[in-house]
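Q: For the sequence shown, the residue numbers in this note's numbering are 2 to 126. Mind having a look at this structure? Questions to follow.
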Amino acid sequence: RDDRKERSQKERGKKERHQKERDQKEKDRKERDDRKERSQKERGKKERHQKERDQKEKDRKERDDRKERGQKDRDQKERGQKNIDQKDRDRKEKDRKERDRKESHKNERDEKETDRKKRDQRKRD
C-alpha cells in the first residue's frame, strides 16, 4: 500500500514536472514569437520611414531640377531674344552701309557727269 502510494506520488510529481516543462517551453516560445513580431514591426517601421525619406528627397530633387530647367529655358529664351535683337541690329547696320555705298556711287557718277558737261561746255566755247 505504501509502495503504491509512493509510486502514484512519484507519478504525479513526474506528470506535474513534465507539465511545468511544457508550460515553460510554451511560455518561451510565445516570448520568442512576440520578440520576433516586435522586431519585424520595428524593421517594417524603419523601412517605411526610410522609403518616406527617400521619396521626399527624390521629390525635392525633381522640384529643384524643374526649377533649374525652367530657369535654363528662360535664360535660353532671353539669349534667343538677344540673338534676334542683335541680328536685327546687324541687318539694319548692313542695310545702312549698303544705302550709303549706293548713295556714294551715285554722287560720284553725278559728279563725273557734271564735270564732263562742264568740259564739253568749255570745248564748245
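Note that the Cβ used here is the ideal one computed from N, Cα and C, for glycine as well. Please read all numbers here as calculations on a predicted model, not as lab measurements.
1. Would you mind reading off the limits of the alpha helix (DSSP H) that contains residue 2?
2. With DSSP as the reference, label residue 35 as helix, strand or coil.
3. With a threshold of 7 Å on Cβ separation, who are the neighbours of residue 11 within its own chain once the five nearest residues in sequence on each side are excluded?
4. To the nearest angstrom, how far is the alpha carbon of residue 119 from that of residue 101?
A: Looking at the atomic coordinates:
1. As a position in the sequence shown, residue 2 is number 1, starting the count at 1. From DSSP, residue 2 is part of no alpha helix (DSSP H); its letter is neither H nor E.
2. As a first step, residue 35 must be located in the sequence shown, where it is residue number 34. Helix.
3. On the sequence shown, position 10 is the one that residue 11 refers to. Excluding sequence neighbours, residue 11 sits near nothing in its chain.
4. Within the sequence shown, numbered from 1, the residue matching residue 119 stands at position 118. Within the sequence shown, numbered from 1, the residue matching residue 101 stands at position 100. Residue 119 and residue 101: Cα-Cα distance of roughly 27 Å.
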